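Trainee: Sequence order for the protein chains is P and R. According to full-length UniProt numbering, the residues represented by the first sequence are 1 to 78, in order. According to full-length UniProt numbering, the residues represented by the second sequence are 1 to 78, in order.
Number of protein chains: 2
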Amino acid sequence: MAIGELHRRVGANLRRLRKQRGVSQARFAEEELEGLHRVYYGGIERGEQNLSLSAIEDYASRLGIDPLELFRDPEGAE
Amino acid sequence: MAIGELHRRVGANLRRLRKQRGVSQARFAEEELEGLHRVYYGGIERGEQNLSLSAIEDYASRLGIDPLELFRDPEGAE
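#1: Which same chain residues, not among the five before or five after Asn13(R), have their C-beta less than 6 Å away from its C-beta?
#2: Give every residue of the same chain whose Cβ lies closer than 8 Å to the Cβ of Glu32(R), excluding the five residues on either side of it in the sequence, and list them in chain order.
#3: Quick check on the DSSP output: the alpha helix (DSSP H) that includes Ile44(R) runs from which residue to which?
#4: Mind listing which residues of the UniProt domain "HTH cro/C1-type" (14–70) of chain P have their C-beta closer than 7 Å to chain R's C-betas, in chain order?
#5: So, are the CB atoms of Arg15(P) and Ala29(P) less than 7 Å apart?
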C-alpha cells in the first residue's frame with residue numbers, strides 16, 4: 001500500500017458519505033462534524049491531513065458510523 | 001465501536017505480530033521498528049498511544065505488512 005493511502009481512504013470515504021447526504025464541504029464540516037473548519041475539512045477530503053486515531057473515532061462517532069468504515073476501499077472493491 | 005478501540009486494535013495486532021516473531025518488546029521496538037523507544041512502544045501495545053495515520057503506515061512498512069492489517073480484529077473473528 002502506497003504511503004498516504006490511509007489518509008486518502010479516510011478522505012475519500014468522508015467525501016462519499018458527504019455526497020450521499022448531498023451537502024457541501026462547508027455544511028458537512030460545520031454541522032455534521034460539529035464545527036470543523038471548512039478549509040481544514042477540505043484538506044482531510046484530499047488526504048492531506050495526518051489524522052490521529054482519536055480524531056477518526058471522533059468523526060465516526062459524530063457521523064454515527066463504525067470508524068473502520070473510513071478505512072474500507074472507497075470504490076467498494078473489497 | 002468503543003472509544004479507543006482503534007488504538008487497542010493496533011496495539012493488539014502489533015503484539016500478535018511480535019509474538020509470532022518470538023521477540024521481546026524491547027527488541028521489537030529497537031530492531032523491527034527501527035529505534036522506537038521500548039517504553040513508548042509498550043504504550044502502543046496497550047492501546048495508550050494516539051497514533052497518527054503516518055505513524056501507522058511507517059510501522060507497517062518497516063514490518064513489511066499492509067497497514068490495514070493493524071486494524072483487523074486481533075482475535076481474527078472478522
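Heads up, the beta-carbon is just placed ideally off N, CA and C, and yes, glycines get one too. Quantities reported herein were computed from a predicted structural model and do not represent experimental measurements.
Mentor: Checking against the coordinates, here is how it stands:
#1: Result list for Asn13(R): Leu70 and Pro74, in chain order.
#2: For Glu32(R), where only same-chain residues beyond five positions count, the Cβ hits under 8 Å are Arg18, Arg21, Val23, Arg62 and Leu63.
#3: That run of the alpha helix (DSSP H) goes Arg38 to Glu45.
#4: Contact annotation: in the UniProt domain "HTH cro/C1-type" (14–70) of chain P, residues whose CB is within less than 7 Å of a CB in chain R are Asn50, Leu51, Ser52, Leu53, Ser54, Ile56, Glu57, Asp66, Pro67 and Leu68.
#5: No, they are not a contact pair.
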